[in-house]
Amino acid sequence: MRRTNAGLALAGSLLLMGTGVARADCAAEFADINRVTLTAGSYEIATTISITPPRTMDQSGQVAQSMHVTQILPPRSFRVRTRSAEIIVTEDDRGWVNAGGPWLEMSKEKLADLLEEAPFNGYFVTKDQRDLECQGVQNVDGKSYLTFVYAAVVNVRTKSPQTTQITAYFDPATRLPVGGQTLVEVLGARIQAEMIYKFDSSIRIELPSP
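If you read the sequence shown in this note's numbering, its first letter stands for residue 1190, the second for the next number, and so on.
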């Protein structure tokens, strides 16, 4: 009986060790593939956000949608375009915003908020990352992608940062991002984002014209 117990204990220890190694390998794999590199060049993220409000007696849960495009020129320049505004941040950590009028330079406080969430080091946000799953190559809409699923924190500089569920897709051949989804619930509202990544060497980000 003692031999049996010892054998079970050893098997359990080996299983736990194997699980720990697998998790470490998974974390290392994602950290490597998610790292923004200068050689990959400039890229664009087209994001569609869908907001489903909580169902109440006065609401039918209809979905509201918005879109924005973010262009990134590594190492530290980016542009964000929405329906009503455009933001430019240059590599010297200066930022401007245009909301339909003249370009205005951003305050240091507002710029700090943007830089906190900017995709300079990783293609996908990883703040306080947990529950990472390396799912290998998955078939999505008839195409094969390296797939990673995890949770991370967004809006970290606000009074109410949120934990969002993230699914990240990478091309198995180039190991570059191709798309992803995020999902978070805030006060009963369901906020889902669909991202499409595109690498484009023609992207240029310069100081805005006065």
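All C-beta atoms, glycine included, are put in the ideal place defined by N, C-alpha and C.
These figures come from a predicted structure and were not determined experimentally.
- Around the C-beta of G1377, are 16 or more other C-beta atoms found within 10 angstroms, so that it is buried, or is it exposed? Residue burial annotation: G1377 is exposed, with fewer than 16 other C-beta atoms found within 10 angstroms of its C-beta.
- Consult DSSP for A1382 and reduce its assignment to one of helix, strand or coil. Strand, per DSSP.
- Boundaries (first-last residue) of the beta strand (DSSP E) holding D1302: Run containing D1302: none in the beta strand (DSSP E); it sits in the alpha helix (DSSP H), K1297 to E1306.
- Message: Taking the beta carbon of M1246 as the centre, do at least 16 other beta carbons fall within 10 Å, making it buried, or is it exposed?
- Response: Residue confidence for M1246 is low, a pLDDT of 46 falling below 50, so the modelled location carries little weight; the figure read from the coordinates is stated next. Burial call: exposed.
- Task: Leaving out five residues on either side along the sequence, give the residues of the same chain with a beta carbon under 7 Å from the beta carbon of V1210.
- Result: A caution first: V1210 carries a pLDDT of 47, below 50, which makes its placement in the model unreliable, though a value can still be read off. Hits under 7 Å: none found.
- Task: Work out the CA separation of T1352 and V1338 for me, nearest whole Å.
- Result: If you draw a straight line from the Cα of V1338 to the Cα of T1352, it comes to about 13 Å.
- Message: Does the structure place the region 1300-1317 close enough to the region 1219-1238 that three or more beta carbon pairs sit under 8 Å?
- Response: Yes, since at least three Cβ pairs between the region 1219-1238 and the region 1300-1317 fall closer than 8 Å, the two stretches touch.
- Cβ-based burial, G1284 [other Cβ within 10 Å; buried from 16]: Looking at its Cβ environment, which holds 16 or more other Cβ atoms inside 10 Å, G1284 is buried.
- Task: Can you tell me which of A1216, T1279 and N1223 puts its alpha carbon nearest to the alpha carbon of G1368?
- Result: Among A1216, T1279 and N1223, the Cα nearest to that of G1368 belongs to N1223.
- Message: According to DSSP, is M1246 part of a helix, a strand, or is it coil?
- Response: Its pLDDT being 46, under 50, M1246 is placed unreliably in this model, and the coordinates cannot settle the point.
- Message: Looking only at its chain, what residues have a beta carbon closer than 6 Å to the beta carbon of L1300, apart from the 5 residues adjacent to it on each side?
- Response: The residues are G1284.
- How many angstroms separate the CA atom of V1329 from the CA atom of R1272? Using only the alpha carbons, I get a separation of about 29 Å.
- Message: Less than 6 Å between C-beta atoms, sequence neighbours within five positions excluded: which residues of the same chain meet that for T1371?
- Response: Result list for T1371: T1353, I1355 and A1382, in chain order.
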